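There are 2 protein chains.
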Amino acid sequence: MIQPLKPRLEVCPSPAALHLYDVSSSIVVIIDVLRATSTICTALFNGADRVIPVASVEECIRIGHEMHAITAGERDGQIAAGLQYGNSPYEYPREFVEGKTLVLTTTNGTRLLDMASGAAQIITGSFPNLSQVCNYLIQQAQPVILGCAAWKDRINLEDMLFAGAVINRIKESFEVNCDAALIAETLYLEAQHDLFSALKKAVHYQRLARYGLEKDIRYCLTPDIAPSLPFLKDKALINKSTDC
Amino acid sequence: MIQPLKPRLEVCPSPAALHLYDVSSSIVVIIDVLRATSTICTALFNGADRVIPVASVEECIRIGHEMHAITAGERDGQIAAGLQYGNSPYEYPREFVEGKTLVLTTTNGTRLLDMASGAAQIITGSFPNLSQVCNYLIQQAQPVILGCAAWKDRINLEDMLFAGAVINRIKESFEVNCDAALIAETLYLEAQHDLFSALKKAVHYQRLARYGLEKDIRYCLTPDIAPSLPFLKDKALINKSTDC
């Protein structure tokens, strides 16, 4: 029997490279490990109705007001002026977020979501929902682009580590012919037994640690602690995990 | 005694990210391991007067004719129509290249050289001139950008490995606060004992191996086999190694 062709799996290490990839035929996984996509899957896992990602603080305030929603977002590690909450997953426990809408703006993650708007499907990925992402991608059997949000277009370690974790788990089901994917998996294999220590040299770790956010970082590196599947539909992320 | 501030050392993993870096105050090291910068340092080590990098085949033919120079360049692994020689370092032994001018066009390396034209200084780096590059950068004590030529703007393993080798050797003399540098060094440390095997999974390895170029690849991964220091001056690369 002839083996059917496997769908391709690629890693886009920064939004600055997204134009090189064919998003229109692909499931794009938006990855912003510290902390946007970790927080998004946490809010949905804890029962939020939806998370609306927006590019600017102004838009966040306007849409939050229109929808009587929670407004959240940070700039330079502080809750942005005019918003109510920050980017920490610990701010969104079930007793607070259940049944509510969260409007969220972040430095990099929401921008990449915007840029990938022509994709066949968009989901978000992070360690807290690692298995949900992997299971969904295998089940869908479509071409995949793991899109790292990076930091102001500069490649970062934490998003590459997550991309590597996904590749390590699902590569047998895909055609992987992409050095960024090879690099991501190598980094993950090297770091997998102690992700926290591996991340200590990263620029973003140092930035967040200055704000006292080690606890957030540990959470954001914990696999499957918030197993939801954020799926973009009508400009909002909803939890699709009940389908898969 | 107060320690003087160390100059910064960064890695730019692809030409698509070069605009994020301040090239004007930096020494930019152009890295195109397979095979442009390996061939350039080889030709200069073997006594070529200079190597003139140009963007197009047409320009290569025109300048080569004007200067009675050797014209060289490939497209898709074959000598480009109208040119005399290819990109292999083995094509440029001393008995052929000594005292001559080589006009060279390549897919990625010459493009990055063009893009970095505003840099304070431009040199080229590859494993065959690794120590020359490291010694020069330490001696100069200026900010450094290790610029990977990549493959049509996509990050590649071989250029990152070389960047990692440089960082591993000289990081004590610099301030390194850049995830791309951290990633490059991690990749190098993982691969250093058998660079050839590490590269076997890379896209470019597979591309060149199809053309039977394993011998070229082994050469291009051999440290210090052609210890020259290509330095850009008046649009030509000359060997500056006698200065340092």
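So the sequences go chain by chain: A and B.
Residue numbers are given in the working numbering: position 215 of the first sequence equals residue 215, and the series is strictly consecutive.
Residue numbers are given in the working numbering: position 227 of the second sequence equals residue 227, and the series is strictly consecutive.
Backbone N, C-alpha and C define an ideal beta-carbon position, used for all residues, glycine too.
Predicted model, so just to flag it, every value in this text is computed and none were measured.
Q: Can you tell me which of the three DSSP states CYS178 (chain B) falls into?
A: In the structure shown, CYS178 (chain B) sits in coil (DSSP, three-state: anything other than H, G, I, E or B).
Q. What residues from chain A crowd round CYS178 (chain B), counting only those whose CB sits closer than 8 Å?
A. Neighbourhood of CYS178 (chain B) in chain A, by CB distance below 8 Å: ARG154 and VAL203, in chain order.
Q. Exposed or buried, GLY82 (chain B), counting other C-beta atoms within 10 Å across all chains shown (16 or more means buried)?
A. By the 10 Å Cβ count, GLY82 (chain B) comes out exposed.
Q: State buried or exposed for GLU58 (chain B), treating a residue as buried only when at least 16 other CB atoms are found within 10 Å of its CB.
A: With fewer than 16 other beta carbons inside 10 angstroms of its own, GLU58 (chain B) counts as exposed.
Q | Complete runs of the alpha helix (DSSP H) confined to the region 5 to 60 of chain A [at least 4 residues] | A | Runs of alpha helix (DSSP H) with 4 or more residues, each lying fully within the region 5 to 60 of chain A, are found at 36 to 45, listed in chain order.
Q.
So, under 8 Å CB-CB, ALA48 (chain A) and LYS100 (chain A) are touching, yes? Tell me the CB distance rounded to an integer number of Å.
A. With 8 Å as the limit, ALA48 (chain A) and LYS100 (chain A) qualify as a contact, their Cβ atoms being about 6 Å apart.
Q: Closer than 7 Å by beta-carbon distance: list the chain B residues that pair up with MET160 (chain A), in chain order.
A: The CB of MET160 (chain A) comes closer than 7 Å to the CB of ILE183 in chain B, given here in chain order.
Q | C-beta neighbour in chain B for PRO143 (chain A), strict 8 Å | A | No, because no Cβ of chain B sits closer than 8 Å to the Cβ of PRO143 (chain A).
(Q) Cutting at 8 Å between CB atoms, please list the residues of its own chain near GLY308 (chain A), excluding the five before and the five after it. (A) Limits of chain A in this structure are 1 at one end and 244 at the other, which puts residue 308 (chain A) out of reach.
**Q.** Spatially closest choice to VAL203 (chain B) from B:VAL176, B:ILE167 and B:LYS152, by CA coordinates
**A.** It is B:LYS152 whose Cα lies nearest to the Cα of VAL203 (chain B).
(Q) Between A:ALA80, A:ARG8, A:GLN132 and A:VAL28, which has its C-alpha nearest ALA149 (chain A)'s C-alpha? (A) Closest option to ALA149 (chain A), judged by alpha-carbon separation, among A:ALA80, A:ARG8, A:GLN132 and A:VAL28: A:VAL28.
**Q.** the region 184 to 204 of chain A touching the region 150 to 169 of chain A, judged by at least three CB pairs closer than 8 Å
**A.** At 8 Å Cβ cutoff, the stretches touch.
Q | Closer than 8 Å to chain A by CB, THR107 (chain B) | A | The Cβ of THR107 (chain B) sits no closer than 8 Å to any Cβ of chain A.
**Q.** CYS244 (chain A) at chain B interface by Cβ criterion, 8 Å
**A.** Note that CYS244 (chain A) scores 44 on pLDDT, short of 50, meaning its location in the model is unreliable; the coordinates nonetheless yield the value given after this. With 8 Å as the cut-off, CYS244 (chain A) does not count as an interface residue toward chain B.
Q) Is it buried or exposed for GLN139 (chain A), if we count other Cβ within 10 angstroms and need 16 for buried? A) Using a 10 angstroms sphere on the CB of GLN139 (chain A), the tally of other CB atoms stays under 16, which defines it as exposed.
Q. Considering only residues of the same chain and omitting the five flanking positions on each side of ILE225 (chain A), which have a CB-CB separation below 6 Å?
A. So the list reads PRO128, once near-sequence residues are dropped.
Q: Could you tell me if ALA141 (chain B) is buried or exposed, where buried requires 16 or more neighbouring beta carbons within 10 angstroms of its beta carbon?
A: So ALA141 (chain B) ends up on the exposed side.
Q: Starting from THR250 (chain B), follow the beta strand (DSSP E) in both directions and report where the run begins and ends.
A: Nothing can be reported for residue 250 (chain B): it is not among the residues displayed for chain B, which extend from 1 to 244.
(Q) Which residues in chain B have a C-beta closer than 7 Å to the C-beta of LEU20 (chain A)? List them in chain order. (A) Residues of chain B with a Cβ closer than 7 Å to the Cβ of LEU20 (chain A) are, in chain order, ASP153 and ARG154.
(Q) Quick check on the burial criterion: 16 or more other C-beta atoms within 10 angstroms. Buried or exposed for ARG210 (chain B)? (A) Exposed, by the Cβ-count rule.
Q: Return no unless some Cβ of chain B is closer than 8 Å to the Cβ of LEU83 (chain A).
A: No, its Cβ sits nowhere closer than 8 Å to a Cβ of chain B.
**Q.** Burial state of ARG218 (chain B) (16 or more Cβ within 10 Å)
**A.** Here ARG218 (chain B) is exposed, its C-beta having fewer than 16 other C-beta atoms within 10 Å.
Q | Residue environment, GLN132 (chain A), which counts as buried when at least 16 other CB atoms sit within 10 Å | A | Buried, because 16 or more other Cβ atoms sit within 10 Å of the Cβ of GLN132 (chain A).
Q) Along the region 3 to 14 of chain A, what residues have a CB closer than 7 Å to any CB found in chain B? A) Contact annotation: in the region 3 to 14 of chain A, residues whose CB is within less than 7 Å of a CB in chain B are PRO13 and SER14.
Q: Return the first residue and the last residue of the beta strand (DSSP E) that LYS233 (chain A) is part of.
A: LYS233 (chain A) -> beta strand (DSSP E) spans 230 to 233.
Q. Do you know how far the Cα of ALA116 (chain A) is from the Cα of SER14 (chain A)?
A. The alpha-carbon atoms of SER14 (chain A) and ALA116 (chain A) are separated by roughly 12 Å.
Q: For THR42 (chain A), go through chain B and note every residue whose CB falls closer than 7 Å to its CB, in chain order.
A: What THR42 (chain A) touches in chain B: nothing, since even the nearest Cβ is about 24 Å away.
Q) Just curious, the alpha helix (DSSP H) that GLU172 (chain A) is in, first and last residue? A) Neither: GLU172 (chain A) is in no alpha helix (DSSP H) and is coded neither H nor E.
**Q.** Pick from B:LEU20, B:ALA198 and B:ASP32 that is closest to SER88 (chain B), judged by C-alpha positions
**A.** Out of B:LEU20, B:ALA198 and B:ASP32, B:ASP32 has the C-alpha closest to the C-alpha of SER88 (chain B).
Q. Is ILE183 (chain A) helix, strand or coil when you go by DSSP?
A. In this structure, ILE183 (chain A) counts as helix in the three-state DSSP scheme.
Q. For THR37 (chain A), which residues in chain B fall below 9 Å Cβ to Cβ?
A. Near THR37 (chain A) there are no residues of chain B at all, since even the closest Cβ is about 17 Å away, more than 9 Å.
Q) Do you know how far the Cα of SER173 (chain A) is from the Cα of ASN46 (chain A)? A) Answer to the nearest angstrom: the Cα atoms are 31 Å apart.
(Q) What does the alpha-carbon distance come out to for the pair THR110 (chain B) and LEU208 (chain A)? (A) About 39 Å.
**Q.** Distance CB(CYS41 (chain B))-CB(SER126 (chain B)) smaller than 8 Å
**A.** Taking 8 Å as the Cβ cut-off, CYS41 (chain B) and SER126 (chain B) qualify as a contacting pair.
Q.
Only counting the same chain, and skipping five residues up and downstream in sequence, which positions put a Cβ closer than 8 Å to that of ALA69 (chain B)?
A. Cβ within range, chain order: ILE52, ILE63, LYS100, THR101, LEU102 and VAL103.
Q: Give, in chain order, every unbroken run of the alpha helix (DSSP H) that is at least 4 residues long and sits entirely within the region 129 to 160 of chain A.
A: Complete alpha helix (DSSP H) runs here, min 4: 130 to 140.
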